[in-house]
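Let me begin by presenting the structure, written as structure tokens, before commenting on it.
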Amino acid sequence: MPKLIGVVHLPALPGSPRARLDLDACVALARSDTLALVEGGADGVIVENFNDAPFFAGSVPPITVAAMAVICRELRGDIPVEMGVNVLRNDAAAALSIAVACGAEFVRVNVHTGAMLTDQGLIVGQAAETLRLRRALGAEQVKIYADVLVKHAVALGPQRMADAVADAVERGLADAIIVTGSATGAAASPDDVREAAGASEAPVYVGSGVTAENVADCVPPAEGVIVGSWLKTDGIVANPVDIDRVRQLRRRL
Numbered sequence: 383m384p385k386l387i388g389v390v391h392l393p394a395l396p397g398s399p400r401a402r403l404d405l406d407a408c409v410a411l412a413r414s415d416t417l418a419l420v421e422g423g424a425d426g427v428i429v430e431n432f433n434d435a436p437f438f439a440g441s442v443p444p445i446t447v448a449a450m451a452v453i454c455r456e457l458r459g460d461i462p463v464e465m466g467v468n469v470l471r472n473d474a475a476a477a478l479s480i481a482v483a484c485g486a487e488f489v490r491v492n493v494h495t496g497a498m499l500t501d502q503g504l505i506v507g508q509a510a511e512t513l514r515l516r517r518a519l520g521a522e523q524v525k526i527y528a529d530v531l532v533k534h535a536v537a538l539g540p541q542r543m544a545d546a547v548a549d550a551v552e553r554g555l556a557d558a559i560i561v562t563g564s565a566t567g568a569a570a571s572p573d574d575v576r577e578a579a580g581a582s583e584a585p586v587y588v589g590s591g592v593t594a595e596n597v598a599d600c601v602p603p604a605e606g607v608i609v610g611s612w613l614k615t616d617g618i619v620a621n622p623v624d625i626d627r628v629r630q631l632r633r634r635l
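With our numbering as the guide, the letters of the sequence shown map in order to residues 383 to 635.
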């Protein structure tokens with residue numbers, strides 16, 4: 383499995399409140415970041431509709447699915463490493479469908495099992511629906527990377543990381559686990575990462591706040607990291623990917 387998964391933050395897509403670019407321009411910007419990630423040494427890339435906020439709690443509009451499918455299909459030829467799809471905030475069915483259409487290897491699901499209180503309201507995991515759709519599509523090769531106690535959200539009550547991981551893997555059949563901090567760019571607790579890694583045999587990824595300075599504290603015990611903000615120029619999420627930052631982080635893994 384990949385150790386360094388770089389995030390391609392798509393521009394605001396057609397139909398979203400901040401959309402200013404046509405689809406060709408979105409593809410061009412996504413391709414530039416993708417090439418920088420791959421050339422810098424990322425061995426995985428995940429594409430997400432990061433700038434479509436405010437997000438839907440569940441299903442996204444058809445235009446979002448169509449736009450992401452087109453973009454991901456266009457990028458697939460530029461990604462000779464594992465490719466993932468994340469449809470924010472939690473449209474696992476769309477992500478899985480796009481992955482099948484473009485040949486991606488995995489999807490990220492923010493709330494796969496359990497329930498979290500978020501800025502979109504209450505989001506309830508739909509592992510049963512997601513796994514049945516994967517079977518119906520004949521897409522068991524597409525892995526499910528499931529966040530546990532995900533960022534920008536709080537659990538409805540006290541919950542141990544180990545218990546949440548066990549539920550996601552043993553009952554939700556997640557293929558890998560993602561541990562994050564409280565928000566985009568916020569580092570995950572080392573204790574949470576260790577607890578998650580010890581709770582099952584599923585690979586664990588650290589999914590927020592990873593930098594060249596702290597990555598050695600993440601891997602091991604985690605299998606790898608998913609990095610977006612820090613790989614951008616000056617570490618600012620709105621900037622393009624900085625290939626030198628990608629190389630620097632890769633050398634430390």
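In this text, a Cβ means the ideal position worked out from N, Cα and C, and glycines have one as well.
Can you say whether Ile526 is buried or exposed, counting buried as having 16 or more other CB atoms within 10 angstroms of its CB?
On the sequence shown, residue 526 is found 144 positions in, with the first residue counted as 1. Per the 10 Å Cβ criterion, buried.
From the DSSP secondary-structure annotation, give me the bridge partner or partners of Glu464.
Numbered from 1 along the sequence shown, position 82 holds the residue referred to as residue 464. DSSP lists Gly426 as partners of Glu464.
Around the C-beta of Pro384, are 16 or more other C-beta atoms found within 10 angstroms, so that it is buried, or is it exposed?
Position 2 of the sequence shown, counting from 1, holds the residue named residue 384. Under this definition Pro384 is a buried residue.
Considering only their Cβ atoms, is the gap separating Val609 from Val389 smaller than 8 Å?
Reading the sequence shown from its first residue, position 7 is the one you call residue 389. Reading the sequence shown from its first residue, position 227 is the one you call residue 609. Closer than 8 Å, so yes.
Let me check understanding here. Comparing Cα to Cα, which of Ala412, Val409, Gly423, Asn431 lies closest to Arg400?
On the sequence shown, residue 400 is found 18 positions in, with the first residue counted as 1. Of the candidates Ala412, Val409, Gly423, Asn431, the one whose C-alpha sits nearest the C-alpha of Arg400 is Asn431.
Expected contact under 8 Å - CB spacing of Leu631 and Leu417 to nearest Å
Against the sequence shown, residue 631 aligns to sequence position 249. Against the sequence shown, residue 417 aligns to sequence position 35. Their Cβ separation, rounded to whole angstroms, is 17 Å, which puts Leu631 and Leu417 out of contact at 8 Å.
DSSP puts Asp529 in a beta bridge; with which residues?
As a working mapping, residue 529 is identified with position 147 in the sequence shown. In the DSSP output, where bridge partners are listed per residue, Asp529 has Ile560.
How would you call Glu511, buried or exposed, if buried means at least 16 neighbouring beta carbons within 10 angstroms?
Counted from its first residue, the sequence shown places residue 511 at position 129. Counting the other CB atoms within 10 Å of its CB gives Glu511 a total below 16, which places it among the exposed residues.
Determine, using beta carbons only, whether Phe438 and Gln508 come nearer to each other than 8 Å.
The residue given as residue 438 occupies position 56 in the sequence shown. The residue given as residue 508 occupies position 126 in the sequence shown. Not closer than 8 Å, so no.
Is the beta carbon of Arg490 sitting closer than 8 Å to the one on Gly466?
For this step, residue 490 is matched to residue 108 along the sequence shown. For this step, residue 466 is matched to residue 84 along the sequence shown. Contact: yes.
Rounded to whole angstroms, how far is the Cβ of Arg629 from the Cβ of Gly422, which I believe are closer than 8 Å?
What you label residue 629 is simply residue 247 of the sequence shown in a count that begins at 1. What you label residue 422 is simply residue 40 of the sequence shown in a count that begins at 1. About 5 Å; that satisfies the 8 Å criterion.
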